[in-house]
Amino acid sequence: MKLYAKMTTAAIAVCLAGPSAASNCAPREMVIENLAKKYGESRQSMGLGANNAVVEVFASEETGTWTITVTSVHGMTCMVASGQAFEELAEVLPVDDNDA
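What the sequence shown shows, in mature numbering (1 follows the signal peptide of the UniProt record, and there is no 0), is residues -22 to -1, 1 to 78, in sequence order.
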């Protein structure tokens, strides 16, 4: 199992266990409001993880802070990682010599 899949599965397990199991979990609306007000972060990207959990990246271009969240199908959102120095990238895959 890939590391990302293991991390997502662990984050989902924490979300499903509820806020008492992890103090970084709360209803989605509360988490998003807190990220916006306290850190100026807005959603930059999103995708579906295991068990249809929504994985989102929030960041502030102004401060460079970022947060990764996982939201379960039940609406509980857990903050699974955060940091600084966020940069938006649009990298292109290298051309394979066999494709030329």
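Beta carbons are placed, not taken as given, at the ideal position from N, Cα and C, and that holds for glycine.
For residue i, which residues of its own chain have a beta-carbon under 8 Å away from its beta-carbon, when the five flanking residues on both sides are left out?
i     : result
Ala59 : Thr45 and Ile46
With DSSP run on the structure shown, which of helix, strand or coil describes residue i?
i     : result
Glu34 : strand
Ala68 : coil
Gly61 : strand
For residue i, is the classification buried or exposed, using 16 other Cβ atoms within 10 angstroms of its Cβ as the cut-off for buried?
i     : result
Val48 : buried
Ala69 : Here residue 69 is Glu; the residue named in the question, Ala, does not match the sequence. Its Cβ having fewer than 16 others within 10 Å, Glu69 is exposed.
Met8  : exposed
Glu34 : buried
Leu26 : exposed
Glu11 : exposed
Leu67 : exposed
Glu19 : buried
Leu71 : exposed
With a CB to CB cut of under 7 Å and the five nearest residues on each side skipped, what residues in its chain are close to residue i?
i     : result
Gly61 : Trp44
Tyr17 : Ser38, Thr41 and Thr43
Ala63 : Gly42
Under DSSP, the alpha helix (DSSP H) around residue i begins and ends at which residues?
i    : result
Val9 : Arg6 to Tyr17
Within its chain, find whatever has a CB closer than 6 Å to the CB of residue i; leave out the 5 residues flanking it on each side and keep chain order.
i     : result
Met57 : Asn2, Thr45 and Thr47
His52 : none
Ser23 : Val35
Give the range of the beta strand (DSSP E) segment to which residue i is assigned.
i     : result
Ser20 : Ser20 to Leu26
Thr43 : Counting along the chain, Thr43 falls outside any beta strand (DSSP E), and DSSP gives it neither H nor E.
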